[in-house]
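Enquirer:
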């Protein structure tokens, strides 16, 4: 497309640059594809092939048995309905929140930004416990006001999953709303468009891609989540708990894999729909853009702050009540303050916390590099190669952690696999975390990259810069704040995630989230809450440290935006 | 920037090679025993065999089973230690175990060991109801004493029970009732009981915790979870059903693929010593090794002095053999 331009502008440099670009392009494509094949496709394929293993040999027996089972239709419709409702609520809530953060001049942004991410770095147990402490049959609200709320079941799962997926949606939507071209708004204003019309004709179209990505991510998170339905779902069964029943309850990998395949279908559909809708999305930042700086508007800012405060309050209360409970003698019977739950009676005591930090740092570093380069490269490639790579990049969102974790065992505990040396190491834990959350990181990066006009890259190319040079000198600096938040995202997820890594830990690589689970399983809910509080404290301190480091090194980005 | 990261990369790379090969004087045990019990038992073993270090991986019963089956191509552990017998008798697991008769195996009751020597039990646990005194009083409910009592309509919506499809505890409860009453009467009983059940919980220990936090009056669980919640200070009374309690034993086994068999055998031998039995008395509600004695605090929490009198005699072969059928029947007849 730009060959003539290039040829005209830089005739002398042309041959060597084209060659080095082609080589760089191929190398980058391979560098993005290979790890995805190794760490996503191989493990998933090795477990999904079990869905064809039946006692009488290979075949579709498991599928026939599952689809003709009595509960199949109920469980499938349960899953789809609860997921659709939770996704709609999350996207609306998170869009409003991200809008308030990025497009208004309200005060308290730093605090709100931190609170919005809280569910991301609270171990899943904290949310479930928090909701029950507050809204359970014997929770604070029912005990004091006697409302007789019964939280268990459909609405319990919706509330818990909205909370759980809110920060994921917020991060993507914040990236979408972070950049905007002020000139568009100026023109709209000059043409007499009111605030609503500006929102509808300028903001919405420009953030459409972010909304679709966020919907996809939330949809897959909710449909694959089994933690919340287990604790708060009562007898409302969903696909993800079916996998747990089959694999952990009955040691039946074949049937578990069948349910895994069923789960992949809606997720794969979501990817296709997303691609189809976003084909017409266009870049927001072009070479003539002027950055949008939110102008103070007392009424809007106050409303935004009220909204952000309400959302933050809801999130902080759920997490806060668990932290409070960790400091009382016996919630809710003996409310005297006590530190007794902070003497951790668990193997290795507090030591797994340090292991978790190391693993999380590694995951943050690997995750940042892998997803940002992935997003940039996928964008540069022709659709023929780009689309499958894109699909592979977001596929992990559709894979329940339990399936991924077991898949890693099948793939890497195999002496025939040259990579089997990483099995049992800390590195495999970090890698597993990166690919477990790859879709989210990749979509934050893609959302940012998408908004940079291709003309930017082309201008850079015209001026003689190669692909790599463009990447490092143009693309990366523009999306730097998003890169930092991707690193933060991988760090905090790795600190608390459980479902996949639980199958990969070894006696010498114990993680903090596992200690929380063990304390809870052995009946020490309060100690589990206390250990969770320690994890959250570490994450908050680390975020503060990164923030300081950024400021010290002169970076403008904020970890929390 | 690069310098800062290269140090990290170095640290990570160094850790890549940790925890891989088995070393002499070290064994790896996979277990589902409780964390605090593991610590006490290992201290005891360290006194007897200071030269052998035991690396322990602890996962819940079902997760550990999934892990062992997934690792089957290249097992990483030398011994299975304290794992539910119902899961152990899965043929896919059994074929990984090497027959071994540890010193002292003769003292163990035949019901607690495999006739082919592939596993033996050291400890066990049995069904118990966790009843929340405060909630009972608040709702003016009588204290139940048996499974039969639970059918009383006053308990409607106040009982939580583990889900038999996802929880081994749940399966054990229903299979003990089916064996006790015969299948026809047993299923009818479960249907009647279903009218009073508020929720089927997907984990076996959670019903007791839900009773502890006062969400429901009665949590059907295992005796040890009740004992622990009582010692933690919750207003819980432990009720052992008067018809006889279904139970589960925790068994140990030697892996055919063990990388350090001599030390693994030393460990298995120790599990049946008098020293170990004394610890079982303090930590577990039942022990297969003579010489265990429960301490006062545990008896005070409601454990009977002679456990054998409250147990229902389970047929483990039948319960393992029938598992698929019973679970799918349960899903059809009872699950909501």
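Chains as they are written, first to last, in our numbering: chain L, 3 to 563; chain E, 140 to 475. Beta carbons: idealized from backbone N, C-alpha and C, even for Gly. Note that this is a predicted model, so its numbers are computed, not measured.
#1: Which term fits residue 566 of chain L, buried or exposed, when burial requires 16 or more other beta carbons within 10 angstroms of its beta carbon?
#2: Alpha carbon to alpha carbon, how far is residue 110 of chain L from residue 208 of chain L? Give it in angstroms, no decimals.
#3: Could you check what DSSP says for residue 183 of chain L in three-state terms: helix, strand or coil?
#4: Give me the subset of the stretch 72 to 94 of chain L whose CB atoms are less than 8 Å from a CB atom of chain E, sorted by chain position.
#5: In the DSSP assignment, find the unbroken alpha helix (DSSP H) run with residue 111 of chain L in it and report its ends.
#6: Checking 8 Å against the spacing of the C-beta atoms, do residue 356 of chain E and residue 270 of chain E come in under that value?
#7: Quick check on residue 264 of chain E - is its C-beta less than 8 Å from some C-beta in chain L?
#8: Alpha carbon to alpha carbon, how far is residue 392 of chain E from residue 459 of chain E? Give it in angstroms, no decimals.
#9: Please report the straight-line C-alpha distance between residue 161 of chain E and residue 171 of chain E, rounded to a whole angstrom.
#10: Hey, is the stretch 245 to 260 of chain L in contact with the stretch 201 to 215 of chain E, meaning 3+ C-beta pairs nearer than 8 Å?
#11: Please classify residue 360 of chain E: is it buried, with 16 or more other beta-carbons within 10 angstroms of its beta-carbon, or exposed?
#12: Specify, as a first and last residue, the run of the beta strand (DSSP E) that residue 268 of chain E falls within.
#13: Give the DSSP-derived three-state secondary structure of residue 338 of chain L in the structure shown.
#14: Using 8 Å as the threshold, is the C-beta distance between residue 172 of chain L and residue 99 of chain L below it?
#15: Which residue from E:351, E:287 and E:295 puts its Cα closest to that of residue 278 of chain E?
#16: Under a three-way DSSP split, which group does residue 163 of chain E fall into?
#17: Would you say residue 475 of chain E reaches chain L, if we count a Cβ-Cβ gap shorter than 8 Å as a contact?
#18: Count the other C-beta atoms from every protein chain shown that fall within 10 angstroms of the C-beta of residue 85 of chain L, then say buried if there are 16 or more, exposed otherwise.
#19: Which parts of the stretch 205 to 286 of chain L are runs of the beta strand (DSSP E), unbroken and 3 residues or longer, counting only runs that do not cross its ends?
#20: Any beta-carbon of chain E closer than 8 Å to the one on residue 411 of chain L?
#21: Between which two residues does the alpha helix (DSSP H) harbouring residue 531 of chain L extend?
#22: One question on the structure: do residue 42 of chain L and residue 425 of chain L come within less than 8 Å of each other, judged by their Cβ atoms?
#23: Measuring alpha carbon to alpha carbon, tell me which of E:257, E:209, E:444 and E:345 ends up nearest residue 395 of chain E.
#24: Look up residue 130 of chain L in the DSSP assignment and say whether it is helix, strand or coil.
#25: How about the stretch 318 to 335 of chain E and the stretch 221 to 234 of chain E: do they share at least three Cβ pairs that are nearer than 8 Å?
#26: At a CB distance below 8 Å, what residues from the stretch 497 to 518 of chain L approach chain E? Give them in sequence order.
#27: Among L:542, L:366, L:409 and L:554, whose alpha-carbon lies nearest the alpha-carbon of residue 493 of chain L?
#28: Would you decide whether residue 364 of chain E is buried or exposed? Buried here means 16 or more other CB atoms lie within 10 Å of its CB.
#29: Looking at chain E, is there any beta carbon in it that lies within less than 8 Å of the beta carbon of residue 236 of chain L?
#30: What's the C-alpha gap between residue 364 of chain L and residue 190 of chain E?
#31: Please go through the same chain and pick out, in chain order, the residues whose beta-carbon is closer than 7 Å to the beta-carbon of residue 377 of chain E, but skip the five residues on each side of it.
#32: Going by beta-carbon coordinates alone, are residue 226 of chain L and residue 413 of chain L separated by less than 8 Å?
#33: Could you name the residues of the stretch 172 to 202 of chain E whose beta carbon sits closer than 8 Å to any beta carbon of chain L, in the order they occur along the chain?
#34: Got a sec, what are the start and stop residues for the beta strand (DSSP E) residue 197 of chain E sits in?
#35: Is the number of C-beta pairs between the stretch 430 to 449 of chain L and the stretch 372 to 392 of chain L that are closer than 8 Å three or more?
#36: Do residue 200 of chain E and residue 222 of chain E come within 8 Å of each other at the CB atom, strictly closer than that value?
Expert: By the coordinates alone:
#1: Residue 566 of chain L lies beyond the residue range present for chain L, which begins at 3 and ends at 563; the question has no answer from this structure.
#2: 26 Å
#3: strand
#4: 72 and 73
#5: 111 to 123
#6: yes
#7: Not a single C-beta of chain L is nearer than 8 Å to the C-beta of residue 264 of chain E.
#8: 18 Å
#9: Because the pLDDT at residue 161 of chain E is just 49, under 50, the model does not fix this residue reliably, and the point stays unresolved.
#10: yes
#11: buried
#12: Per DSSP, residue 268 of chain E belongs to the beta strand (DSSP E) from 259 to 271.
#13: strand
#14: Result yes, Cβ atoms of residue 172 of chain L and residue 99 of chain L sit closer than 8 Å.
#15: The candidate whose alpha carbon is nearest that of residue 278 of chain E is E:295.
#16: Residue state for residue 163 of chain E is assigned as coil, using DSSP reduced to three classes.
#17: yes
#18: buried
#19: none
#20: yes
#21: 527 to 554
#22: Not a contact, by the Cβ cut-off of 8 Å.
#23: E:257
#24: Residue state, collapsed to three classes: helix.
#25: Under the three-pair Cβ rule at 8 Å, the stretch 318 to 335 of chain E does not count as touching the stretch 221 to 234 of chain E.
#26: Close to chain E, meaning a Cβ-Cβ distance shorter than 8 Å, are the following residues of the stretch 497 to 518 of chain L: 504, 505, 507, 508, 509, 510 and 511.
#27: L:366
#28: buried
#29: In terms of beta-carbon proximity, residue 236 of chain L lines the interface with chain E, with at least one pair separated by less than 8 Å.
#30: 35 Å
#31: Excluding sequence neighbours, residue 377 of chain E sits near 267, 269, 362, 365, 366, 369, 440 and 441.
#32: no
#33: 173, 174, 175, 177, 178, 194, 195, 196, 197, 198, 199, 201 and 202
#34: 192 to 197
#35: As far as the Cβ criterion goes, the stretch 430 to 449 of chain L touches the stretch 372 to 392 of chain L, which means the pair count is three or higher.
#36: yes
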